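To start, the structure itself, in structure tokens.
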Amino acid sequence: MAYYRAAGNIPPKRHTQHRRADGELYFEELMGEEGFSSDSSLLYHRNIPSTVSASRVWDVPDQSTAPNHPLTPRHLRLHDLFDDAAVAATDVVTGRRLVLGNGDVRISYAVAGRPSPWYRNGIGDECVYVERGAARVETVFGAFEVAEGDYVILPRATTHRWLPVEDAADPLRAYCIEANSHITPPRRNLSSYGQLLEHAPYCERDLRGPAGPLLAEDVGADAAAETDVYIKHRGNGPGGVVGTVHTLPFHPLDVVGWDGCLYPFVFNIRDFEPITGRVHQPPPVHQVFEATNFVVCNFVPRKVDYHPLAIPVPYYHSNVDSDEIMFYVDGDYEARKGSGIGRGSISVHPGGHAHGPQPGATEGSIGVEYFDELAVMVDTFRPLELGEAGLAADDGIYALSWSRGAGQLGSGNPSPGPARSER
């Protein structure tokens, strides 16, 4: 994170004695990035944070992937992945279904109706976008109340859990972006000391930190209760991901205070201030976060290009260095009209394939002054493969949607499915 925060009970000097009222020491934990040479925070625990009383294997959801071969643009319908019965039995952690992945990022989706177990991702940071619904997210740093449009950024190894707000008509829909690295604001939007600059489309005022500290008794739990924590970590499983469950002889909410520049935070997509121009602006103006070998952008409602001869929808473009993954959240996405894409859709535009507006969309956009659209885009610099959920959600005909006679997309023949791999 860009700036320092402190919460709860901490000593005046770091790495010095910090005692409870009964004279016993609290246990100081440094949570830091890049081997003591980047952002960190100090957490003060009631219990020794290394303590584990038992461990067992956690069989993480299917992480195997299949190459997008033959190379094909695809339309994935995420809302087809969970029926009502599945939602009641699904949580945001163990119920995620892998849509797309590579060695840098995994994109999963969950529609959750029950609380998750305590969880920490030991591989990389997570960015979870709340498509619909609401939840309480409890972490060792404190808690958040999150709802539609919130990005929840969880640094690597942050112990937390998701508690959905029960709503059968509008359950919690979570779009989960798991990095193998750290997720930060774009470097070009930061000063050399980490402050968000004047040209950035959001600032520190838009970021919500955790309300805390949060202790076991604050959530009605027994501080001495044995608790399982699910851990996703590196290993020789599909995608290099394996899982372990650690049993702790106490409740994980035992941090009485913390301070530093590394902590979870929430940013709502409605606080993103779009950058527009007289002619069409390139996708980097929509960037909200970055990580190693991928970026996250969002497209929000905005006034569009105002040159008298402007064409508001994108020009055709070849992503020679990246795959472009667009998740359509809301609104009316002008460039994809006639393709079958709607709310809950993902378009996969792979590197090596020139893509752009559907037939008729370019001419139809001329004179339009405002786009009412909401979408989250992930661009990766290594090719993505299809997870089991991506294969299940593929409509099989999107690649035909640029053909002039493709108005009746329901009559197309599905493209051949790719062979599965364990990469």
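Last residue of the sequence shown: 423 in UniProt numbering, with the numbers rising by one and none dropped. Beta carbons are placed, not taken as given, at the ideal position from N, Cα and C, and that holds for glycine. Please read these numbers as outputs of a predicted model, since none were measured by experiment.
Compute the beta-carbon to beta-carbon distance between residue i and residue j, rounded to the nearest angstrom, for a pair I have assumed lies under 8 angstroms.
{"i": "ALA89", "j": "ARG114", "result": "7 angstroms"}
{"i": "ALA216", "j": "HIS160", "result": "At roughly 14 angstroms, the Cβ-Cβ gap does not stay under 8 angstroms, so ALA216 and HIS160 are not in contact."}
{"i": "residue 425", "j": "ARG173", "result": "There is simply no residue 425 to check, as the chain begins at 1 and stops at 423 in what is shown."}
{"i": "ASP254", "j": "ARG278", "result": "Not really, about 56 angstroms apart at Cβ, beyond 8 angstroms."}
{"i": "VAL140", "j": "VAL152", "result": "About 15 angstroms; that fails the 8 angstroms criterion."}
{"i": "ARG156", "j": "ASN102", "result": "Not really, about 18 angstroms apart at Cβ, beyond 8 angstroms."}
{"i": "PHE327", "j": "ILE346", "result": "5 angstroms"}
Would you say residue i and residue j are within 8 angstroms of each other, going by their C-beta atoms?
{"i": "GLU324", "j": "ASP379", "result": "yes"}
{"i": "THR374", "j": "PRO284", "result": "In the sequence on display, residue 374 carries Leu and not Thr. No, they are not a contact pair."}
{"i": "residue 456", "j": "PRO350", "result": "With the chain represented from 1 up to 423, any question about residue 456 goes unanswered, as that position is not in the structure."}
{"i": "TRP118", "j": "GLY243", "result": "no"}
{"i": "SER322", "j": "HIS75", "result": "no"}
{"i": "ASN68", "j": "TYR44", "result": "no"}
{"i": "GLU33", "j": "SER40", "result": "yes"}
{"i": "VAL130", "j": "ALA147", "result": "yes"}
{"i": "ILE123", "j": "HIS233", "result": "yes"}
{"i": "ASN298", "j": "ILE269", "result": "yes"}
{"i": "GLY344", "j": "ALA7", "result": "no"}
{"i": "PRO264", "j": "LEU154", "result": "yes"}
{"i": "LEU248", "j": "GLU226", "result": "yes"}
{"i": "CYS176", "j": "GLU126", "result": "yes"}
{"i": "PRO210", "j": "LEU196", "result": "no"}
From what residue to what residue does the beta strand (DSSP E) around residue i run?
{"i": "GLY260", "result": "255–260"}
{"i": "GLY142", "result": "142–147"}
{"i": "LEU30", "result": "27–32"}
{"i": "ARG20", "result": "No beta strand (DSSP E) contains ARG20, which DSSP labels as neither H nor E."}
{"i": "ASN298", "result": "294–299"}
{"i": "TYR398", "result": "First-last for TYR398: undefined, no H or E at that position."}
{"i": "LEU42", "result": "40–45"}
{"i": "GLN195", "result": "Segment: none, GLN195 is in no beta strand (DSSP E) and carries neither H nor E."}
{"i": "CYS176", "result": "172–179"}
{"i": "ASP59", "result": "Where ASP59 is concerned, there is no enclosing beta strand (DSSP E), given that its DSSP letter is neither H nor E."}
{"i": "PRO164", "result": "160–164"}
{"i": "ALA7", "result": "5–8"}
{"i": "ALA168", "result": "Neither: ALA168 is in no beta strand (DSSP E) and is coded neither H nor E."}
{"i": "THR139", "result": "134–139"}
{"i": "ALA310", "result": "Run containing ALA310: none; DSSP gives neither H nor E here."}
Could you give the first and the last residue of the continuous alpha helix (DSSP H) run that contains residue i?
{"i": "GLU363", "result": "361–365"}
{"i": "GLU388", "result": "388–393"}
Assign residue i to one of two classes, buried (16 or more other C-beta atoms within 10 Å of its C-beta) or exposed (fewer than that).
{"i": "ALA112", "result": "buried"}
{"i": "GLN287", "result": "buried"}
{"i": "THR94", "result": "buried"}
{"i": "THR51", "result": "exposed"}
{"i": "GLY352", "result": "exposed"}
{"i": "SER401", "result": "buried"}
{"i": "ALA169", "result": "exposed"}
{"i": "ASN236", "result": "exposed"}
{"i": "GLU290", "result": "buried"}
Which parts of the region 74–127 are runs of the beta strand (DSSP E), unbroken and 3 residues or longer, counting only runs that do not cross its ends? 74–77, 97–101, 105–112, 118–121
Which runs of the alpha helix (DSSP H), 4 residues or longer, sit entirely within the UniProt region "Disordered" (341–362)? none
Contiguous beta strand (DSSP E) assignments of at least 3 residues, all confined to the region 228–278: 241–248, 255–260, 265–268
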